[in-house]
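Just so we're aligned: the sequence shown equals residues 4 to 388 in our numbering.
We put the CB at the ideal spot given by N, CA and C, even for glycine.
Bear in mind that the values here come from a model prediction, so they are computed numbers and not experimental data.
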Amino acid sequence: MKALTLTADWAPKADYAITDYEIETRKVRTGSKVWKNPQIKVGQLPDPDPKPDEVIIQVGAVGICGSDMHMYERGSDDYMLYPGLTRFPNILGHEFSGKVAAVGSDVYDLKVGDLVTAEEIQWCGKCVSCRRGFVNHCDNMEELGFTTPGAMAQYIPVRAKYCWKLDEIADRLGDEQEALVMGAMVEPTGVSYHALFNRIHTWQPGVYVVVFGGGPIGLAAEALALASGAAQVIVFDTSPARREIAARMGATHVLDPVGIDLNETILDLTYGRGADFVVEAAGAPDHTLAPLTTGLAVNATVTVIGLATNPTPLSLVHYQTRGVQLAGSLGHAGHGTFQNVIRMMASGKLDMRPMVSARVKLDDALGAFHRLESRQDAKIILLPN
Ligand SMILES: [Zn+2]
Ligand SMILES: [Zn+2]
Numbered sequence: 004m005k006a007l008t009l010t011a012d013w014a015p016k017a018d019y020a021i022t023d024y025e026i027e028t029r030k031v032r033t034g035s036k037v038w039k040n041p042q043i044k045v046g047q048l049p050d051p052d053p054k055p056d057e058v059i060i061q062v063g064a065v066g067i068c069g070s071d072m073h074m075y076e077r078g079s080d081d082y083m084l085y086p087g088l089t090r091f092p093n094i095l096g097h098e099f100s101g102k103v104a105a106v107g108s109d110v111y112d113l114k115v116g117d118l119v120t121a122e123e124i125q126w127c128g129k130c131v132s133c134r135r136g137f138v139n140h141c142d143n144m145e146e147l148g149f150t151t152p153g154a155m156a157q158y159i160p161v162r163a164k165y166c167w168k169l170d171e172i173a174d175r176l177g178d179e180q181e182a183l184v185m186g187a188m189v190e191p192t193g194v195s196y197h198a199l200f201n202r203i204h205t206w207q208p209g210v211y212v213v214v215f216g217g218g219p220i221g222l223a224a225e226a227l228a229l230a231s232g233a234a235q236v237i238v239f240d241t242s243p244a245r246r247e248i249a250a251r252m253g254a255t256h257v258l259d260p261v262g263i264d265l266n267e268t269i270l271d272l273t274y275g276r277g278a279d280f281v282v283e284a285a286g287a288p289d290h291t292l293a294p295l296t297t298g299l300a301v302n303a304t305v306t307v308i309g310l311a312t313n314p315t316p317l318s319l320v321h322y323q324t325r326g327v328q329l330a331g332s333l334g335h336a337g338h339g340t341f342q343n344v345i346r347m348m349a350s351g352k353l354d355m356r357p358m359v360s361a362r363v364k365l366d367d368a369l370g371a372f373h374r375l376e377s378r379q380d381a382k383i384i385l386l387p388n
């Protein structure tokens, strides 16, 4: 089969305390501290066979994510930018959908021909975190497309327990290919769903929402907020192209945060009450959350999705005096998230397709990665078959 593989050199930085476990498994916690000279190429690999608990999925659509870009892009020292869990060489791609092409001997609830998507978080179900219900924080986590083979390939093996059927979307749309494109966006949309509705149960229809970052995760937060009764969704992004997409998807206000007073601007737009729900999806909390003070409403909720490794100074007195809650959010597994995102998409309440600027063949993937370097597009979808 055809597949896009990322290779990189193993070169742990001197200041990185690498563990024996990382050396033994080659699964590293902080990719940007270990992997040098990342390179991608499309080539031929053997077709996968299903293990007893797996299905083989013929990939119909797979999105290129900001994380994929950060694994492909390198800093001035030639180390990869992505600071998370990784193992290379590996096939990239974790936002995908497809058709079940083969089932393992122990799989009972999926059959050949089913349209499915799958969770990227490969939780074990056995560790203490999983048993407590926190599967996004599995102690033995593997991540599809990061530490295990991904979906930028014609076929991918996935454990049946991570798969979710897309038949409801296909039924409502009446178009299998469109259902697959939509299905490829369940995973990133699930990341935002988890932050809005699972982490802290403060969501109320009628809230004023501020979203920092108009990338795919921020746009998904915007779309979910609008579909769930937000009275205003204010999106901040430095890119004019991304502000344009955010506006097209229904944001009530889109603004460039550079050179403005954030608190004054938010207070102006919220009739002096401030933002009830803040989503940090820019990965730049120094510029988004650090200056946020009077722009936070009483009983506001702040959720952090964007990944930033440096400590951020916050004006905690405002969190106290306004009773603000702050929640870190990671992942999309568990809590019924995939099911509910699929249902929202099928119902017509949630359509992430307007953020897709191109659909390209796997053979043209390198060009698509190159094009995304400028961050003018929100989402490019690859069609491997
Ligand atoms: Zn992603
Ligand atoms: Zn676990």
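{"query": "Rounding to the nearest angstrom, what Cα-Cα distance links residue 265 and residue 86 in this structure?", "result": "28 Å"}
{"query": "Would you decide whether residue 26 is buried or exposed? Buried here means 16 or more other CB atoms lie within 10 Å of its CB.", "result": "exposed"}
{"query": "Under a Cβ-count criterion, where at least 16 other Cβ atoms within 10 Å of its own Cβ denotes burial, should residue 382 be classed as buried or exposed?", "result": "buried"}
{"query": "Anyone know if the C-beta pair for residue 39 and residue 82 falls short of 8 Å?", "result": "yes"}
{"query": "Ordered along the chain, which non-local residues of its own chain (more than five positions away) have a Cβ less than 6 Å from that of residue 194?", "result": "220 and 335"}
{"query": "For the segment 59-127, list the alpha helix (DSSP H) runs that are entirely contained and at least 4 residues long, ordered along the chain.", "result": "69-75"}
{"query": "Is it the case that the Cβ atoms of residue 198 and residue 124 are separated by a distance below 8 Å?", "result": "no"}
{"query": "Let me check understanding here. Comparing Cα to Cα, which of 32, 387, 377 and 9 lies closest to residue 19?", "result": "32"}
{"query": "Bridge partners for residue 256 per DSSP, in chain order?", "result": "237"}
{"query": "Taking the C-alpha atoms as reference points, what is the distance between residue 230 and residue 209?", "result": "11 Å"}
{"query": "Go through the segment 294-340 residue by residue and report every complete run of the beta strand (DSSP E) that reaches 3 residues or more, in order.", "result": "299-307 and 328-331"}
{"query": "Please identify the residue among 296, 58 and 93 whose C-alpha is closest to the C-alpha of residue 164.", "result": "58"}
{"query": "Under 7 Å from any heavy atom of ligand 1, does the C-beta of residue 98 make it?", "result": "yes"}
{"query": "Between residue 285 and the rest of its own chain, which residues show a CB-CB distance below 6 Å, the 5 nearest in sequence each way excluded?", "result": "215, 216, 291 and 309"}
{"query": "Ignoring anything shorter than 3 residues, give me the beta strand (DSSP E) runs that lie fully in the segment 122-180, in order along the chain.", "result": "158-162 and 166-168"}
{"query": "Any heavy atom of ligand 1 within a distance shorter than 7 Å of the CB on residue 152?", "result": "no"}
{"query": "Can you check DSSP and say which residues form a bridge with residue 12?", "result": "39"}
{"query": "Let me know if residue 201 comes out buried or exposed under the rule of 16 or more other beta-carbons within 10 Å of its beta-carbon.", "result": "buried"}
{"query": "Closest by CA to residue 109, which one among 61, 374 and 55?", "result": "55"}
{"query": "Let me know if residue 263 comes out buried or exposed under the rule of 16 or more other beta-carbons within 10 Å of its beta-carbon.", "result": "exposed"}
{"query": "Where in the segment 187-235 do unbroken runs of the beta strand (DSSP E), each at least 3 residues long, occur, reported from the N-terminal end onward?", "result": "211-215"}
{"query": "Between residue 155 and residue 96, is the Cβ-Cβ spacing less than 8 Å?", "result": "yes"}
{"query": "Straight-line CA distance for residue 28 to residue 118?", "result": "33 Å"}
{"query": "Kindly identify the DSSP beta-bridge partner or partners of residue 383.", "result": "361"}
{"query": "Of the choices 36, 247 and 348, whose alpha-carbon is the least far from that of residue 170?", "result": "348"}
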